[in-house]
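If you count the sequence shown from 1, position 39 lands on 45 in our numbering, and the numbers rise without skipping.
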Amino acid sequence: MINQDDIDAIKHGVELVSFMKARGIELHQVGGNYRGLCPFHEDTTPSLTVNPKENLWNCFGCGTGGDVIRFVELIDQVDFTQAVKRLSANHPKPGKPKTAVKEKKKEISVADKKLLARGNRIQKTEDRSQKRPGKKVLSVADKKLLARVVGYYQHSFTEDSRGVDYLRTGGLQPIRRLPTSARALSTAA
């Protein structure tokens, strides 16, 4: 059974604006509120309003609204209990150990999927030579590819507002620069 204190902690502890932005909803500040396109109906003009002081949202187009729990119910198409469990897992109460924030699944192009898959295979390749047993060896082409992968994530988590907001909802801050030189990548491998 879900404790009312846990429900209240989620409702007031999860910053709705950052949470929605991390879920890919573009919001723009208008006065003290934020406005954007509603994800629950065809929307061409911003009808979704988020009140950060009350931590509530409302769509004047389709009439839906509520708190962060209701938002998760609708966006993930789950019941109240599942929504609370998902939010509890990603946003633990103060005093409880933090669990890793699960990365939301994002649609990426086939080319990006192939690039990331190849990067993963490269990372798993081990050096069979006697000089560096257990160390990974990267060819020049692999180092260039790995630099592109690092660049992709560098952009996603430092320049794309959705990536920055995603990091912040997990209590992380974006770093300024990741190593992209071949030398830095070969020593990191």
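Cβ atoms here follow ideal geometry from the backbone N, Cα and C, with glycine treated the same way.
Pairing Lys17 with Val74 gives a Cβ-Cβ distance under 8 Å.
Closest in C-alpha terms to Val36, from the list Asp14, Gly67, Val23, comes Val23.
A distance below 7 Å between beta-carbons, with the five flanking residues on each side excluded, links His34 to the following residues of its chain, in chain order: Tyr40, Arg41, Gly42. The shortest C-alpha to C-alpha distance from His47 to any of Asn61, Cys65, Asp14, Gly169 is the one to Cys65.
By the CB criterion at 8 Å, Gly38 and Lys59 fall inside the cutoff. The beta carbons of Ala28 and Asp171 sit about 5 Å from each other, so the pair counts as a contact at 8 Å. Short of 7 Å from the beta carbon of Gly67, and not among the five residues preceding or following it, lie these beta carbons of its own chain, in chain order: Cys44, His47, Asp49, Ser53. Of the candidates Ala15, Ala89, Ile31, the residue whose Cα lies closest to the Cα of Ser167 is Ile31.
Between Ser94 and Asp12, the CB-CB gap stays under 8 Å. DSSP places Arg41 in the strand class (E or B) of the three-state scheme.
Here Gln160 carries a helix assignment [DSSP, helix/strand/coil].
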